[in-house]
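Here the protein sequences come in this chain order: Y and A. Heads up, the first sequence is in our numbering, so the first residue is 700 and it goes up one at a time. Heads up, the second sequence is in our numbering, so the first residue is 563 and it goes up one at a time. No residue lacks a Cβ here, since even glycine has one placed at the ideal position from N, Cα and C. A quick note: this is a predicted structure, and the numbers were derived from the prediction, not measured. Everything on this sheet refers to the single structure shown next.
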Amino acid sequence: MKYALLVMGAPYSSQAPHSALRFARALLDGEHTLDSVFFYRDGVHNASFLMTPPQDEANLHRLWCELNREHGVKLDVCIAAALRRGLINAEEAARHGHGEYSVASPFALTGLGQLLDIQQRCDRVITFAA
Amino acid sequence: MDDTLLVVIRSAPYQGVRLRESLDALLVGAAFGKPVVPLFMGQGLFALLPGQTPGAPGQKATLPIIDMLEMYDIDTLYLPAADATARGLTEGDLVANTQLLDADAVQALFHEAGQVLTF
Numbered sequence: 700m701k702y703a704l705l706v707m708g709a710p711y712s713s714q715a716p717h718s719a720l721r722f723a724r725a726l727l728d729g730e731h732t733l734d735s736v737f738f739y740r741d742g743v744h745n746a747s748f749l750m751t752p753p754q755d756e757a758n759l760h761r762l763w764c765e766l767n768r769e770h771g772v773k774l775d776v777c778i779a780a781a782l783r784r785g786l787i788n789a790e791e792a793a794r795h796g797h798g799e800y801s802v803a804s805p806f807a808l809t810g811l812g813q814l815l816d817i818q819q820r821c822d823r824v825i826t827f828a829a
Numbered sequence: 563m564d565d566t567l568l569v570v571i572r573s574a575p576y577q578g579v580r581l582r583e584s585l586d587a588l589l590v591g592a593a594f595g596k597p598v599v600p601l602f603m604g605q606g607l608f609a610l611l612p613g614q615t616p617g618a619p620g621q622k623a624t625l626p627i628i629d630m631l632e633m634y635d636i637d638t639l640y641l642p643a644a645d646a647t648a649r650g651l652t653e654g655d656l657v658a659n660t661q662l663l664d665a666d667a668v669q670a671l672f673h674e675a676g677q678v679l680t681f
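Structure representation (structure tokens):
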């Protein structure tokens with residue numbers, strides 16, 4: 700089956716992204732495909748490439764990137780939820796007059812409508828709420 | 563009914579932006595021309611209290627969004643009757659276009675929806 704995940708918890712303060720990653724790995728070890736992961740609410744914090752946890756702790760951003768690199772999983776981030784929380788890519792930073800940014804490919808800032816598209820094209824959307 | 567999007571909202575107002583971001587999903591679904599059905603559960607029922615005054619510390623009010631859902635062809639706001647009873651609320655305490663459902667009717671909403679988003 701074709702799956703997508705909806706992640707709404709922040710790394711290190713919610714179990715949601717950790718569980719979602721484990722679920723993703725379990726899916727891909729089986730006979731399934733994972734189309735996308737959509738990050739909403741506090742889940743948008745997963746997209747920051749600036750996160751720098753201690754070296755002996757999992758780097759959630761890096762783990763999502765690996766999922767993208769190895770399996771082509773799309774990483775979509777709700778733009779409104781992200782900007783509100785200071786998660787911003789180069790293009791939006793320029794638009795809003797910020798000198799710095801914290802989100803880059805493979806994470807893509809996109810509208811909430813993308814979540815509905817994903818739901819339309821996948822067999823299952825599994826929610827990991829905070 | 564297969565295209566219907568059921569949006570389950572379980573956040574009370576002023577619990578951060580949780581409720582606002584749940585309602586956004588509702589509005590986006592409607593803006594995309596999908597039939598959208600909102601189901602308020604648990605603490606989400608408090609979103610439907612008409613007496614809320616705007617301006618809780620530093621946060622925008624969500625009641626105006628509830629009030630304008632009709633403009634998006636979202637005519638009926640559903641909630642489980644049991645959740646209302648548990649919170650001491652009756653239909654008369656809530657905004658006008660709400661409908662209380664028994665457990666079977668709630669189950670039917672999930673059964674009939676093409677897609678479900680739970681917030």
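Query	Result
Whole-angstrom Cβ separation of residue 778 of chain Y and residue 751 of chain Y, contact assumed at under 8 Å?	That belief does not hold up - the Cβ atoms of residue 778 of chain Y and residue 751 of chain Y are roughly 24 Å apart, past 8 Å.
Quick check: is the beta carbon of residue 809 of chain Y nearer than 8 Å to any beta carbon in chain A?	no
So the beta strand (DSSP E) residue 735 of chain Y belongs to, where does it begin and stop?	732 to 738
Would you call residue 711 of chain Y buried or exposed, if buried means 16 or more other Cβ atoms sit within 10 Å of its Cβ?	exposed
Strictly under 8 Å for the Cβ-Cβ distance: is residue 586 of chain A near chain Y by that measure?	yes
Sort Y:774, Y:816 and Y:724 by Cα distance to residue 742 of chain Y and report the nearest one.	Y:774
Do residue 599 of chain A and residue 631 of chain A count as a contact pair if the criterion is CB distance below 8 Å?	no
Closer than 8 Å between beta carbons: that is the criterion. Which residues of the region 595 to 608 of chain A meet it against chain C?	The structure shown contains no chain C; its protein chains are Y and A.
Shorter than 8 Å from the beta carbon of residue 620 of chain A to some beta carbon of chain Y?	no
Would you say residue 815 of chain Y reaches chain A, if we count a Cβ-Cβ gap shorter than 8 Å as a contact?	yes
With a threshold of 8 Å, are at least 3 pairs of Cβ atoms found where one atom belongs to the region 648 to 658 of chain A and the other to the region 591 to 610 of chain A?	yes
Got a sec, what are the start and stop residues for the alpha helix (DSSP H) residue 759 of chain Y sits in?	759 to 770
In this structure, does DSSP put residue 788 of chain Y in helix, strand or coil?	strand
Buried or exposed: residue 804 of chain Y, going by 16 or more other Cβ atoms within 10 Å of its Cβ?	exposed
Quick check: the Cα distance between residue 570 of chain A and residue 624 of chain A, rounded to an integer number of angstroms?	16 Å
So, do the region 792 to 803 of chain Y and the region 758 to 771 of chain Y have three or more beta carbon pairs nearer to each other than 8 Å?	no
Note down, in chain order, every chain Y residue with its Cβ under 7 Å from the Cβ of residue 677 of chain A.	818
Establish whether the CB of residue 794 of chain Y and some CB of chain A are separated by less than 8 Å.	no
So what's residue 828 of chain Y in DSSP terms, helix, strand or just coil?	coil
Is the CB-CB distance between residue 786 of chain Y and residue 802 of chain Y below 8 Å?	yes
Taking any Cβ of chain A, which residues in the region 727 to 749 of chain Y have a Cβ under 8 Å from it, in chain order?	739 and 740
Look at the alpha carbon of residue 597 of chain A and the alpha carbon of residue 818 of chain Y, and state the distance between them as a whole number of angstroms.	15 Å
Candidates Y:776, Y:728 and Y:749: which alpha carbon is nearest residue 806 of chain Y's?	Y:776
Taking the alpha-carbon of residue 594 of chain A as reference, which of Y:816, Y:705 and Y:825 has the nearest alpha-carbon?	Y:816
Measuring straight from C-alpha to C-alpha, what distance separates residue 767 of chain Y and residue 580 of chain A?	28 Å
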